[in-house]
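Residue numbers (our numbering), protein chains in the order written: chain A, 1 to 129; chain B, 130 to 367; chain C, 368 to 502.
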């Protein structure tokens with residue numbers, strides 16, 4: 001069974017989904033990511049779905065679950081690169097991916113993650129000072 | 130005309146005289162269809178196209194008159210048969226003409242649809258989609274796709290959909306617009322809808338359409354100002 | 368390209384096969400990218416339902432013709448427990464806890480034609496069709 005590689009980029013984890021996942025693989029990814037957030041003390045997760053030409057309700061729920069679990073572990077999730085036809089289909093399907101932040105590509109996604117960390121940092125130092 | 134006569138001879142030899150769908154008339158049918166198609170695309174009227182067939186009548190009748198000079202009963206019979214045949218062939222050209230014109234019109238409509246939905250880049254990362262004219266369901270869907278593709282192509286995360294030039298909006302169109310905004314959000318881009326006229330605002334409330342968290346601005350300029358602010362940009366005098 | 372294809376739904380990987388087979392046929396008949404994606408997504412939802420809730424079954428794919436357009440018809444069939452209340456199941460978010468959720472209603476919204484028959488204790492059959500635009 002193929003596994004989806006998870007890369008560490010500074011404080012963040014990057015996952016690029018390029019295969020048509022069956023359900024088991026999606027669940028394994030969910031578990032592995034959660035474990036890695038803890039073990040790597042990641043503050044953010046970037047999920048690149050620019051290669052996916054279909055996102056159904058199962059994958060959609062997976063993305064929402066990852067975002068939810070990450071938040072509990074004090075990490076932000078950003079999903080990047082959704083294709084237009086996939087976005088149109090998800091809207092028609094009625095999936096709004098609650099709790100999932102999105103960005104056009106990995107660069108913008110990184111900017112978003114860094115910005116949210118900065119905001120946190122400022123808020124914290126505000127309390128100290 | 131020469132081809133017509135040849136095809137006519139072939140048809141009379143091989144096909145049933147009263148059934149033009151018969152296989153023997155195949156080359157006549159295809160010859161006339163091609164002729165009509167050409168004439169339709171060149172802008173001839175349907176009458177001008179059918180006249181090609183009907184102009185054969187006087188010539189044929191003269192020949193028949195001479196051949197059956199001494200036999201008026203047979204002459205009448207032959208003229209009746211040949212006029213029926215030529216009428217059917219004339220109608221065939223009319224039908225082929227119609228179909229071609231319809232295809233041309235459909236293609237032109239397609240082109241107009243594509244022309245009237247341009248996406249404009251106002252600034253790096255800020256797109257504007259100025260909609261003009263009445264929106265119907267089909268057009269709105271094309272507009273939706275164009276915008277989303279432009280968002281990817283230009284790497285823009287802000288899109289202003291301006292409907293100043295749209296006189297009315299119905300529930301279906303309003304829903305399509307909202308779906309576009311939702312889809313853009315899933316892709317990582319934000320939309321601002323500008324130029325909502327008072328009448329449209331009323332329609333939206335009456336229809337019970339929920340704009341949710343979609344940002345709206347009275348006009349394109351205000352929307353652009355907001356877009357600049359969101360991107361931490363400012364305009365300065367030099 | 369085959370006119371009719373029968374695909375089993377006995378393992379998770381079969382759902383992926385269905386997606387890929389539907390996609391290649393959708394491309395072959397010239398469905399627009401959005402209509403392809405909608406069809407494949409609907410197929411994925413229904414295939415998963417058949418596999419998980421129907422206890423396994425089959426998908427039949429047919430390439431069909433109308434006067435001015437082509438289409439793909441998919442039939443998802445199982446001999447599982449059946450659905451007690453189809454109307455309820457079609458409403459979004461419905462879930463007996465087995466997560467039929469958005470699948471059925473979603474598949475209906477994504478495709479041109481949708482039909483469902485279900486009998487408790489006997490099984491379920493769902494038929495969806497996606498057509499190209501009239502030429």
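We treat Cβ as the ideally placed atom computed from N, Cα and C, and that holds for glycine.
Proximal chain A residues relative to residue 277/B, where beta-carbon distance stays under 8 Å: 84, 87 and 88
Take the Cβ of residue 394/C as the centre, count every other Cβ of all protein chains shown within 10 Å, and call the residue buried at 16 or more, exposed below. exposed
Can a CB atom of chain C be found closer than 8 Å to the CB of residue 50/A? no
Starting from the N-terminal side, write out each stretch of the beta strand (DSSP E) that is 3 residues or longer and does not extend beyond the segment 315 to 348 of chain B. 319 to 323 and 344 to 346
Just grab the DSSP bridge partners of residue 102/A for me. 79/A
Interface partners of residue 3/A on chain E, CB under 9 Å: Given the protein chain composition of this structure (A, B and C), no chain E is represented.
Residue ranges of each alpha helix (DSSP H) run of no fewer than 4 residues wholly in the segment 236 to 286 of chain B, ordered along the chain? 266 to 283
Residues that residue 411/C contacts on chain A, provided the C-beta gap is smaller than 7 Å: 54 and 56
Using only CA atoms, which one of 134/B, 295/B, 305/B and 158/B lies nearest to residue 326/B? 295/B
Please decide whether residue 116/A counts as near chain B, where near means a Cβ-Cβ distance under 8 Å. no
With distances taken Cα to Cα, identify the nearest neighbour of residue 118/A among 80/A, 85/A and 76/A. 76/A
Entirely within the segment 46 to 92 of chain A and at least 3 residues each: give me those beta strand (DSSP E) ranges in chain order. 76 to 80
For residue 455/C, would you say it is in contact with chain A, using Cβ-to-Cβ distances shorter than 8 Å as the test? no
Could you tell me the alpha carbon to alpha carbon distance between residue 200/B and residue 193/B, rounded to whole angstroms? 10 Å
Assigned exposure category for residue 346/B - 16 Cβ within 10 Å defines buried: buried
Rounded C-beta distance between residue 13/A and residue 42/A? I'm assuming under 8 Å. 5 Å
Pick from 283/B, 256/B, 257/B and 238/B: whose alpha carbon is nearest that of residue 268/B? 238/B
Cβ of residue 110/A within 8 Å of any chain B Cβ: no
Could you round the C-beta distance between residue 17/A and residue 54/A to whole angstroms and report it? I think they count as a contact, below 8 Å. With a Cβ gap of about 11 Å, residue 17/A and residue 54/A do not count as contacting.
Contacting positions in the segment 303 to 321 of chain B - beta carbon closer than 8 Å to chain A: 308, 311, 312, 313, 314, 315, 316, 317 and 318
Closer than 8 Å, CB to CB, is residue 97/A near chain B or not? yes
Option nearest residue 429/C by Cα separation, candidates 493/C, 371/C, 455/C and 379/C: 371/C
Residue 396/C to residue 71/A span [Cα, whole Å]: 44 Å
Starting from residue 445/C, follow the alpha helix (DSSP H) in both directions and report where the run begins and ends. That residue, residue 445/C, is in no alpha helix (DSSP H); its beta strand (DSSP E) goes 437 to 445.
Proximity test, Cβ basis, 8 Å: residue 104/A and chain B: yes
Secondary structure at residue 295/B, three-state DSSP: helix, strand or coil? coil
Element boundaries [beta strand (DSSP E), containing residue 134/B]: Careful: residue 134/B lies outside any beta strand (DSSP E), inside the alpha helix (DSSP H) at 131 to 143.
Enumerate in chain order the residues of its own chain whose CB-to-CB distance from residue 465/C is below 8 Å, with the five nearest sequence positions on each side excluded. Low local confidence applies: a pLDDT of 44 at residue 465/C is under 50, so the model's placement there is unreliable, and no value is given.
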